[in-house]
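Asker: Numbering (full-length UniProt numbering), first residue to last: 1 to 381.
Beta carbons are placed, not taken as given, at the ideal position from N, Cα and C, and that holds for glycine.
As the structure is a prediction and not an experimental result, all values here were calculated from the model.
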């Protein structure tokens, strides 16, 4: 049996490009008795308008009896007298995997057109997807024409993102002319990209770049000097790295809270998952937990009964306490500087040794910078 006895399926749909040179038959009398999609009759055709078979409903006969549409020619469009499409669930597992549990055409019509969202839909009014309205904030066609709840949610999300972008732009603008008080350079114009960060002190509003304030807090001076601001000498517990300059008290409090939250998720390098001992104890900002994820129990308060029956509460004695007390005795008296308990910041995580030369010494550049910083800190005393 040759191919001339087989009806060309492209000719049945009117799209055969071969014409008279086609190897298949263009005789409608040789075509199959019916090319109506049986899945479309059930309302579950997964191909939709791309189906190669005809999507035509059965026309009702007189007396209420329906008969399938015969003939080999492509069926005409469904008339207005045809009953509406009814969804019949698939009878077998194979039909369910092929067609799905819901009508595909209805699902496509409820989905926003992805082509129009990206810019332009070439199908226009013939598109099987739903064309959304353009959002005035993001300038994308993502607003559902009839779903009011979806429109409100999208507009709310767009406004929140727009406000966040505006805050970032304002913060970047405020940081353009900020000069470090130590190196006297504009922070955002430094040569190295890694040095274009601010070191925000938690207790004062003086501007420093992160690299300079880190060198200041690592300088071989007493703890009261390095923990204080080089200009106003107010002690600061934390030095927070930031790409933008933050001076507003409310924003600074939010920045400090975010910094503490982020640091609390990092394991403490002194605690070592229970194998070491952290000199900061319960005051440490970093994470203290064992390999099983358990937190250590809080230190028990020690009590001491005196000879007169008085009770004194004893704290745990640590090596850091002796170092702090010795540095306090050896430090020169200053008028406005008040003693503060040891604290932790993002870089100064080690207890300062009593003799830095015994630990290997420092370079000449660091010594020169230390002398400059010390002169800056004591020039107003």
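Tell me the DSSP secondary structure of residue 182 in three-state form.
Answerer: Here residue 182 sits in coil by DSSP.
Asker: What does a CB cutoff of less than 6 angstroms around residue 206 pick up in its chain, not counting 5 residues either side in sequence?
Answerer: Excluding sequence neighbours, residue 206 sits near 181, 229 and 231.
Asker: Inspect the beta-carbon positions of residue 286 and residue 267 and report whether they are closer than 8 angstroms.
Answerer: Result yes, Cβ atoms of residue 286 and residue 267 sit closer than 8 angstroms.
Asker: With distances taken from CA atoms, which of 115, 276, 24 and 194 is nearest residue 140?
Answerer: Here the closest residue by C-alpha is 115.
Asker: Alpha carbon to alpha carbon, what distance is there between residue 273 and residue 177?
Answerer: Rounded to whole angstroms, residue 177 to residue 273 spans 44 angstroms at the Cα level.
Asker: Would you list, in sequence order, the uninterrupted alpha helix (DSSP H) runs of no fewer than 4 residues that lie entirely inside the UniProt domain "RING-type" (180-233)?
Answerer: Counting only runs of 4 or more, we get 210-217 and 223-226.
Asker: Kindly list the residues whose CB is nearer than 8 angstroms to the CB of residue 264, restricted to its own chain and excluding five residues on each side of it in sequence; keep chain order.
Answerer: Excluding sequence neighbours, residue 264 sits near 285, 286 and 287.
Asker: Please state whether DSSP places residue 177 in a helix, a strand or coil.
Answerer: Of the three classes helix, strand and coil, the one that applies to residue 177 here is coil, per DSSP.
Asker: Comparing C-alpha positions only, which one of 306, 275, 280 and 302 sits nearest to residue 292?
Answerer: Nearest of 306, 275, 280 and 302 to residue 292, Cα basis: 275.
Asker: In or out: residue 198 buried (at least 16 other Cβ within 10 Å) or exposed?
Answerer: Under this definition residue 198 is a buried residue.
Asker: Can you check which of these residues, 294, 290 and 271, is closest to residue 283 by C-alpha distance?
Answerer: That would be 271, whose Cα lies nearest to the Cα of residue 283.
Asker: If I'm right that residue 158 touches residue 137 with Cβ under 8 angstroms, what's the distance once you round it to whole angstroms?
Answerer: Yes, they are in contact, since the Cβ atoms of residue 158 and residue 137 sit about 4 angstroms apart, within 8 angstroms.
Asker: Consult DSSP for residue 260 and reduce its assignment to one of helix, strand or coil.
Answerer: Helix.
Asker: Just checking: is the beta-carbon of residue 219 within a distance shorter than 8 angstroms of some beta-carbon in chain B?
Answerer: The structure shown contains no chain B, having only a single protein chain.
Asker: When DSSP builds the beta bridges, which residues end up paired with residue 54?
Answerer: Beta-bridge pairing links residue 54 to 36.
Asker: Spatial neighbours of residue 40 within its chain, please: CB distance less than 6 angstroms, with the 5 preceding and 5 following residues excluded, ordered by chain position.
Answerer: Closer than 6 angstroms at the Cβ level, and outside the excluded window around residue 40, lie 55.
Asker: Return helix, strand or coil for residue 147, following the three-state DSSP convention.
Answerer: Looking at residue 147 - three-state DSSP - the assignment turns out to be coil, as it is neither helix nor strand.
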